[in-house]
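*Asks:*
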């Protein structure tokens, strides 16, 4: 229409860079703005047209809205027309400008020219807000009854918008709408049907108003079919497929769970299904809609069979579009008639091999639904085959699907383990950690399979170490069941199996793990797991004297690793294996500890595991998932030792006390303080270990500094592990030994020391800021120095709950032992139930806890309970006692209900003499 | 179909697109918008649960939008990101693969005519007939072809408002109004004539 718009388009196209284009647009916008401001009448609509172009390019153009409003009010038709177009494109239903146009639209709806009315109706249909809809509903209703079909069809869709925005008007208009079906014009029919679909979709109860229309709808459809060639509506041999599709869709909505209407349309659907010409796309569109309707309504069995057969034919079609929709519908059919879909299994499986990714995705979804007990082996094989070629982003979800399938339908334990291992060997690098941990769990459950599994994994790991998931699984198994590698074993449980895995020598196994350690794609988790496996192998291969030195040598290599986790493991295992000189002297009983810690992991109860995973899945923030980042196997172990899902969070992490898991870096935190002193002159001046402790962050290497932010972070109920420390049980054992003592009622608390060690990394949240080193040295400590025997002090007091510590020396000859009697009392007005005290100690202390005398405290100091624990301090006189407490109880609220309360505290005011 | 053959031989390719154009288009659609718009999707699906056409795009092979009509409101930044991503995906598919994509809560149905992609996004539910939409795209192209007398990309670009007028006769509120070429074009032609006369009249 305007030369200038063309010029603008040319100018924009001539731009070589984005900056140039922006400049052109900015200049043009400035010109248009000026023109708008000057109220230049003659170029207004041309300017708005230019604005549409600018808008399409993605530049802001909202400032032209007012001009559109003015154009709409104009008397000139071209201006009005462009004004409406501008309004629809530039404006949104959220803009306040719209309130200004209501009146103009109302005027135009009453205009004598049908095209002006048409413009106004289109505008209402595309933009109407709730207010506009309310204001104009009566006008639109009037237009629904005009003699002009051009106006009627637009009014029908405008009404659809009105009812969508103001659903309560439906009641008033629903009868009017049913009248529209009598219209002869296809345009009105299609929009009227759309309007009915909208009404029924929005509120199903309106369907009853339309059910009596079913015969009319069926008649319209029959007329369309029997009409023969009609040049007006023919689309490649089908009469108005658009109308047919809409009709079938409305029938579907009306026939859903309604026997009588379904009955009424039965014959017609059969006719459509059999008579539709399927050589061209329009015919297929109608047939596709028809099949969907047959499946959704309460149709006869024979008709359903016909529909399924049509889908079968669709599946064999060479056109991918048609196969796509067939798979789509079969997915829905499968939900209530799986057997019918199973018949097409081979064809569906074929679709997995198609080069088209949309098709493959659909087929995969369908296959996933189709899996049953009897076809699980075949279909899983297909899914695994597909996994090989699947794109990286699909692999994770396919892996999870396969895991789910295997868990639900597995015919035998051997098959399950083997399938999961195959899965890991194909996509071990892409799948979720959950797959790895589940695999490990299933392996651990089948003792019959230990030998062949570990052999298989070992050989797979040697052949292909690219799939980290597989490597992690293999390394874990070798650590646990490594001794089985030394004997040959048949490759399968089957009786007549000839293939045999040859025996492997111990040094081969160790070298295999060494290769994993130095492998280029090994990440920190891989290395941590491998270190643990190596440590465990010292026990598995204890008969071979050459193995232990070699393993020690490998473990030692990480003593100075930059990765805190690896360094910690290396140093701790060094002590356990007795290669660290320090260990031999200061911790005499490490030998026993070593056997205990390096023993085989207990088998996991699958139910507890599933519960744990469900909790993780529910946690939408994914924070708990993050706990798995230090190795899925680590996460897996937590539930074993805990029994309850949240158990991991219940235990104290002494790492925190000691300046974080940077511990190995800082000599102060590395166990024997005697060793620390010479290296660390600072500690000589203070007799209080805590001063030492709290100096760690400054004294330690950069690693501790890194931890500081984590430290300061506010507490969260499901706290993340501090650092990769969460990896493995063994990590914790060398370093810290928090011990939880149960107060009876809580089953999760009856854990052995190693168990709590594994769980320890999970919490990490410390609500309170740590006090500076100075006030830690309690005044009492100095005062009580000279008078051993007994001492008494208040360890904790908050919200009425008071914990009093009474210290005594049970064995006069052994001054390293201190017995602590804790007396609980409750001075508040509310009762306390389920009281659980957990105590954690620095690693130089050992702790023994007795059960409590009771777990409930009545209000107002009604009763007291006691609990006893014994601390052994081998460095008596060098380091002072210190413990950390975690107290959990349920407080009975006055208004009914209970509140779970958790408190933590550190107790440092032990008199020095103890 | 005749038109299909014709539109392929049409001078669609005559547009003098330079390499720079492609480069600058790439700059215009920064990827970081993607993540933000992803977050809006659930809300949007909730608001517009009803099955409908949610947008119609005409985008050329270089990723330049030639016509965009949205039947629900999206911020401009999100639109450009959506268009860029969509054309990238459409281009990555060949003619033997199916014309449907599932993407950001939309089901996208596209069809290519010479250098121009016609892309329709509908609610990704169970109820939209993908084959029907495909047929509708063809109907739209035929109508434009008849209106512009052998349409090409440049026709649509230089007569943006006319193309919109045609589209508005065919789709309204995300639903098909009319799929009959005569019924669509008769009023359009009348209106064009009226507009032309009136503008001559008003100028004189």
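Chains as they are written, first to last, in this note's numbering: chain Z, 1 to 914; chain D, 1001 to 1204. For glycine and all other residues, C-beta sits at the position ideal for the given N, C-alpha and C.
(1) What distance in whole Å lies between the Cβ atoms of residue 504(Z) and residue 477(Z), which are believed to be in contact at a cut-off of 8 angstroms?
(2) According to DSSP, is residue 891(Z) helix, strand or coil?
(3) Compare the C-beta of residue 1194(D) with all C-beta atoms of chain Z and state if any pair is closer than 7 angstroms.
(4) For a test of the three-state rule: what should DSSP assign to residue 1106(D), helix, strand or coil?
(5) Please state whether DSSP places residue 797(Z) in a helix, a strand or coil.
(6) Excluding the 5 residues flanking residue 1071(D) on each side, which residues of the same chain have their C-beta closer than 7 angstroms to its C-beta?
(7) Taking residue 512(Z) as the reference, give the member of 543(Z), 460(Z), 492(Z) with the closest Cα.
(8) For a cutoff of 7 angstroms on Cβ pairs, would you count residue 1068(D) as touching chain Z?
(9) I want to verify the contact list: residues of chain D whose CB lies under 8 angstroms from the CB of residue 157(Z), in sequence order.
(10) For a contact meaning CB atoms closer than 8 angstroms, what does residue 1079(D) contact in chain Z?
(11) Just the chain Z side, please: which residues come within less than 7 angstroms of residue 1131(D) by C-beta, in chain order?
(12) For residue 1096(D), count the other beta carbons within 10 Å of its own beta carbon; 16 or more makes it buried, fewer makes it exposed. Which is it?
(13) Around the Cβ of residue 356(Z), are there at least 16 other Cβ atoms within 10 angstroms (buried) or fewer (exposed)?
(14) Kindly say whether residue 907(Z), judged by its beta-carbon, lies nearer than 7 angstroms to any beta-carbon of chain D.
(15) Along the region 219-241 of chain Z, what residues have a CB closer than 8 angstroms to any CB found in chain D?
(16) With residue 1146(D) as the anchor, note down where its beta strand (DSSP E) starts and where it stops.
(17) Below 6 angstroms CB to CB, which residues in the same chain sit around residue 227(Z) once its five sequence neighbours on both sides are set aside?
(18) So if DSSP puts residue 185(Z) in a beta bridge, which residue, or which two residues, is it bridged to?
(19) Quick one: what's residue 832(Z) bridged to in DSSP?
(20) What does a CB cutoff of less than 8 angstroms around residue 558(Z) pick up in its chain, not counting 5 residues either side in sequence?
(21) So, using beta-carbon positions, are residue 262(Z) and residue 299(Z) closer together than 7 angstroms?
(22) Within the same chain, show all residues whose beta-carbon is closer than 8 angstroms to that of residue 384(Z), passing over the 5 residues directly before and after it, in chain order.
(23) Kindly give me the distance between the Cβ atoms of residue 73(Z) and residue 42(Z), rounded to whole angstroms, as I take these residues to be in contact under 8 angstroms.
(24) So is residue 1076(D) in contact with chain Z if we call contact Cβ pairs under 7 angstroms?
(25) Measuring CB to CB, does residue 295(Z) end up less than 7 angstroms from residue 333(Z)?
(26) What's the call for residue 1195(D), buried or exposed, on a 16-neighbour Cβ count within 10 Å?
(27) Buried or exposed: residue 121(Z), going by 16 or more other Cβ atoms within 10 Å of its Cβ?
(28) Touching or not, the region 379-397 of chain Z and the region 428-435 of chain Z, by the rule of three or more beta carbon pairs under 8 angstroms?
(29) Would you call residue 186(Z) buried or exposed, if buried means 16 or more other Cβ atoms sit within 10 Å of its Cβ?
(30) Going along chain Z in order, which residues have a C-beta closer than 7 angstroms to the C-beta of residue 1065(D)?
(31) Residues in the same chain with beta-carbon distance under 8 angstroms from residue 1134(D), minus the five sequence neighbours each way, listed in chain order, please.
(32) At a CB distance below 9 angstroms, what residues from the region 381-394 of chain Z approach chain D? Give them in sequence order.
(33) Does residue 356(Z) have its Cβ less than 7 angstroms from a Cβ in chain D?
(34) Taking all protein chains shown into account, do 16 or more other C-beta atoms lie within 10 angstroms of the C-beta of residue 1080(D), making it buried, or fewer, making it exposed?
(35) Could you give the residue range of the beta strand (DSSP E) that holds residue 903(Z)?
(36) When the Cα atoms are used, what is the spatial distance from residue 448(Z) to residue 382(Z)?
*Replies:* Based on what the coordinates show:
(1) Contact doesn't hold; Cβ gap of about 13 angstroms is too wide.
(2) strand
(3) yes
(4) strand
(5) strand
(6) 1052, 1053, 1054, 1055, 1173, 1174
(7) 460(Z)
(8) yes
(9) 1172, 1173, 1175, 1177
(10) 58
(11) 281, 284, 285, 288, 321, 325
(12) exposed
(13) buried
(14) no
(15) 232, 233, 235, 236, 240, 241
(16) Taken as a continuous stretch (DSSP letters only), residue 1146(D) belongs to no beta strand (DSSP E), being part of the alpha helix (DSSP H) at 1130-1148.
(17) 239
(18) None, per the DSSP bridge assignment.
(19) 857(Z), 891(Z)
(20) 527, 531, 566, 567, 569, 570
(21) yes
(22) 402, 419, 422, 423, 426
(23) Residue 73(Z) to residue 42(Z), Cβ: 17 angstroms. No contact.
(24) yes
(25) yes
(26) buried
(27) buried
(28) yes
(29) buried
(30) 56
(31) 1099, 1109, 1111
(32) none
(33) yes
(34) buried
(35) 898-907
(36) 28 angstroms
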